[in-house]
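Undergrad: Offset between the sequence shown (1-based) and the working numbering: plus 123.
Pasting a structure below so you can have a look.
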Amino acid sequence: MLKGKRIILGISGGIAAYKSVYLLRLLIKAGCEVQVVITPNGKEFITPVTLSSLSGKPVISEFFTANTGEWHSHVDLGLWADAMVIAPATASTIAKMANGVADNMLITTYLSAKAPVFIAPAMDLDMMRHPSTVRNIELLKSYGNHIIDAATGELASHLSGKGRMREPEEIVGELEKFFASGDKLKDKKILITAGPTHEPIDPVRYIGNYSTGKMGYALAEEAARRGAQVTLISGPVSLTANNPAIEVIKVTTAREMLNAAQQSFPEADYAIMAAAVADYAPQNFSDCKIKREKNGIENIPLIKNPDIAMTLGLHKGEDQKVIGFALETDHEFQHAVDKMKRKGLDAIVLNSLRDPGAGFATDTNKITIIFADGHSLEFPLKSKAEVAADILDSVCDCE
Ligand code: CTP
Numbered sequence: 124m125l126k127g128k129r130i131i132l133g134i135s136g137g138i139a140a141y142k143s144v145y146l147l148r149l150l151i152k153a154g155c156e157v158q159v160v161i162t163p164n165g166k167e168f169i170t171p172v173t174l175s176s177l178s179g180k181p182v183i184s185e186f187f188t189a190n191t192g193e194w195h196s197h198v199d200l201g202l203w204a205d206a207m208v209i210a211p212a213t214a215s216t217i218a219k220m221a222n223g224v225a226d227n228m229l230i231t232t233y234l235s236a237k238a239p240v241f242i243a244p245a246m247d248l249d250m251m252r253h254p255s256t257v258r259n260i261e262l263l264k265s266y267g268n269h270i271i272d273a274a275t276g277e278l279a280s281h282l283s284g285k286g287r288m289r290e291p292e293e294i295v296g297e298l299e300k301f302f303a304s305g306d307k308l309k310d311k312k313i314l315i316t317a318g319p320t321h322e323p324i325d326p327v328r329y330i331g332n333y334s335t336g337k338m339g340y341a342l343a344e345e346a347a348r349r350g351a352q353v354t355l356i357s358g359p360v361s362l363t364a365n366n367p368a369i370e371v372i373k374v375t376t377a378r379e380m381l382n383a384a385q386q387s388f389p390e391a392d393y394a395i396m397a398a399a400v401a402d403y404a405p406q407n408f409s410d411c412k413i414k415r416e417k418n419g420i421e422n423i424p425l426i427k428n429p430d431i432a433m434t435l436g437l438h439k440g441e442d443q444k445v446i447g448f449a450l451e452t453d454h455e456f457q458h459a460v461d462k463m464k465r466k467g468l469d470a471i472v473l474n475s476l477r478d479p480g481a482g483f484a485t486d487t488n489k490i491t492i493i494f495a496d497g498h499s500l501e502f503p504l505k506s507k508a509e510v511a512a513d514i515l516d517s518v519c520d521c522e
């Protein structure tokens with residue numbers, strides 16, 4: 124599964140760096156091409172000679188090779204890799220990564236990396252539970268990085284607690300799991316709606332909502348990474364899709380979103396309705412700006428927008444699945460179940476605005492997935508990238 128994968132192994136300065144030698148050996152044995160990038164402190168724990176002998180490549184630590192002036196391009200490295208693994212990630216390296224303090228080659232490479240990043244923290248228990256470390260790890264998660272959580276056990280300080288870097292075999296296992304999911308949705312077509320809709324009142328005003336589209340875009344990226352062909356029907360947002368397997372159709376209003384969805388749906392295996400569609404639109408659009416002084420803005424006649432999820436849900440074929448979202452503030456579970464039934468959905472992803480970190484404009488979400496047969500799965504607070512993976516794992520039948 125890892126054969127031929129190009130991995131950047133980032134090593135920072137902690138005692139667990141000795142385990143990185145075993146990790147490097149396992150990666151090489153699995154057929155990976157590995158470029159080691161080590162921090163200046165990391166070199167105090169293991170020598171570049173050990174690492175370059177095992178990887179078959181010179182180890183990179185400085186921005187330049189002093190005697191030749193050769194520049195090591197972190198940008199090229201960031202583009203070269205299929206994955207970056209930072210093990211061990213010390214409290215200091217984690218803090219720099221979380222805050223963009225680009226003062227060594229490992230951090231500049233991390234900041235330039237386009238590939239998924241796996242971070243294996245290792246530090247003493249007090250550093251591990253310090254609020255700044257906890258916050259920095261949360262920040263890294265919210266950027267979509269994968270945290271390979273530290274284990275509990277005996278630490279270098281001879282104290283016992285959480286802070287041990289996970290064993291090299293476990294880190295390799297995480298990478299294998301990740302790459303194994305890469306073609307899980309091969310040959311599948313997925314339609315995703317994302318973002319808000321804007322319903323124009325006049326040339327300067329509209330009815331809309333706070334949706335940023337982050338959940339829908341995260342779903343599109345994760346589905347594309349798993350090999351699906353994705354049609355992302357997006358309301359007005361400031362996000363862009365990175366994966367070329369995502370076809371983005373930009374729309375403004377609910378009607379436009381419905382038309383685009385109806386066009387793509389016949390081809391789709393799954394439709395995931397993550398958009399926050401405006402429920403109403405002004406009955407008439409005024410070509411001229413409505414003047415405040417002349418009244419007319421207090422009472423704008425509204426009409427109900429079409430329900431896109433319901434339109435697809437009630438007309439889906441036997442092999443198609445439609446998955447909706449429900450953002451609720453009260454009686455959450457019951458409202459979500461009612462919505463799922465009313466709209467003919469196969470599953471509904473519930474998030475409650477009462478949960479801190481859930482809902483619009485955050486990088487995190489806390490969801491419960493409810494299925495048409497009544498069973499449900501509850502997940503803890505996670506980054507939207509991880510939530511996207513949980514949703515696809517749960518709702519898509521794939522081997
Ligand atoms: N939805 C849709 N078209 C609409 C309204 C909602 O496709 N016009 C979809 C959303 O994308 C979501 C699900 O239906 O997947 C539930 O959306 P929500 O706004 O929670 O439901 P509403 O039916 O609008 O119910 P209410 O606002 O009364 O809670």
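Idealized CB from N, CA, C, for every residue including glycine.
Values in this document were obtained by computation on a predicted structure and should not be read as measured data.
Quick one: give me the first and last residue of the beta strand (DSSP E) that lysine 373 is part of.
TA: Note, lysine 373: beta strand (DSSP E), 369-373.
Undergrad: Find the nearest neighbour of threonine 170 within the set Pro424, Val144 and Glu292, judged by alpha-carbon distance.
TA: It is Val144.
Undergrad: Using 10 angstroms around the beta-carbon of aspartate 430, count the other beta-carbons present and answer buried if the total reaches 16, otherwise exposed.
TA: So aspartate 430 counts as buried.
Undergrad: Using 8 Å as the Cβ pair cut-off and three pairs as the minimum, do the region 230-247 and the region 197-213 touch?
TA: Contact between the region 230-247 and the region 197-213 is present, because at least three Cβ pairs lie under 8 Å.
Undergrad: Checking the sheet assignment: what are the DSSP bridge partners for glutamate 322?
TA: In the DSSP output, where bridge partners are listed per residue, glutamate 322 has Ile330.
Undergrad: Note the first and the last residue of the continuous beta strand (DSSP E) segment covering phenylalanine 301.
TA: Premise fails: phenylalanine 301 lies in the alpha helix (DSSP H), 291-303, not in any beta strand (DSSP E).
Undergrad: Is it true that the CB of glutamine 443 sits closer than 8 Å to the CB of alanine 383?
TA: No, these two residues do not count as a Cβ contact at 8 Å.
Undergrad: Kindly examine ligand 1 and report whether one of its heavy atoms sits closer than 7 Å to the Cβ of lysine 466.
TA: For ligand 1, at least one heavy atom lies less than 7 Å from the Cβ of lysine 466.
Undergrad: Who are the near neighbours of phenylalanine 408 in its chain, counting only those whose CB is closer than 6 Å to its CB and skipping five residues on each side?
TA: Closer than 6 Å at Cβ, skipping near neighbours: Pro323.
Undergrad: Along the chain, where does the alpha helix (DSSP H) that runs through glycine 436 open and close?
TA: First-last of the alpha helix (DSSP H) with glycine 436: 431-437.
Undergrad: Alanine 470: beta carbon under 7 Å from a heavy atom of ligand 1?
TA: Every heavy atom of ligand 1 is 7 Å or more from the Cβ of alanine 470, so no.
Undergrad: Helix, strand or coil, according to DSSP, for serine 280 in the structure here?
TA: In this structure, serine 280 counts as coil in the three-state DSSP scheme.
Undergrad: Starting from leucine 132 and walking both ways along the beta strand (DSSP E), at which residues does that stretch end?
TA: First-last of the beta strand (DSSP E) with leucine 132: 129-134.
Undergrad: Which residues does DSSP pair with methionine 396 in a beta bridge?
TA: Answer is Thr316 and Gly447, bridged to methionine 396.
Undergrad: Pick helix, strand or coil for threonine 216, following the three-state DSSP scheme.
TA: Residue state, collapsed to three classes: helix.
Undergrad: Please find out if some non-hydrogen atom of ligand 1 comes closer than 7 Å to the beta-carbon of proline 429.
TA: Yes, ligand 1 has a heavy atom inside 7 Å of this Cβ.
Undergrad: Rounded to the nearest angstrom, what separates asparagine 366 and arginine 415 at their Cα positions?
TA: Taking the straight line joining both Cα atoms gives about 45 Å.
Undergrad: Could you compute how far the alpha carbon of threonine 485 sits from the alpha carbon of arginine 477?
TA: Roughly 13 Å between the two C-alpha positions.
Undergrad: So, are the CB atoms of isoleucine 217 and isoleucine 260 less than 8 Å apart?
TA: Closer than 8 Å, so yes.
Undergrad: Return yes when the C-beta of threonine 316 is under 7 Å from any heavy atom of ligand 1, and no when it is not.
TA: Yes, ligand 1 has a heavy atom inside 7 Å of this Cβ.
Undergrad: Could you check if lysine 507 belongs to the surroundings of ligand 1, using beta carbon to heavy atom distance under 7 Å?
TA: Flag unset: Cβ of lysine 507 not near ligand 1.
Undergrad: For glutamate 522 and isoleucine 413, I'd like the C-alpha separation in whole angstroms.
TA: Any reading at glutamate 522 must be qualified, since the residue scores a pLDDT of 48, below 50, and its modelled position is unreliable; no value is offered.
Undergrad: Can you confirm whether the region 331-347 touches the region 291-302 when touching is taken to mean that 3 or more C-beta pairs between the two stretches lie within less than 8 Å?
TA: Result no; under three Cβ-Cβ pairs closer than 8 Å.
Undergrad: Going by DSSP in three states, glycine 358 sits in which element: helix, strand or coil?
TA: The answer is coil: DSSP assigns glycine 358 none of H, G, I, E or B.
Undergrad: Taking the straight line between their C-alpha atoms, what separation do you get for lysine 192 and glutamate 185?
TA: It should be noted that the sequence gives glycine, not lysine, for residue 192. Distance between the alpha carbons of glycine 192 and glutamate 185: 11 Å.
Undergrad: Let me know if asparagine 488 comes out buried or exposed under the rule of 16 or more other beta-carbons within 10 Å of its beta-carbon.
TA: Buried, by the Cβ-count rule.
Undergrad: Extract the residue ranges of the beta strand (DSSP E) inside the region 463-496, only unbroken runs of 3 or more that lie entirely within it.
TA: Correct list: 470-475 and 491-494.
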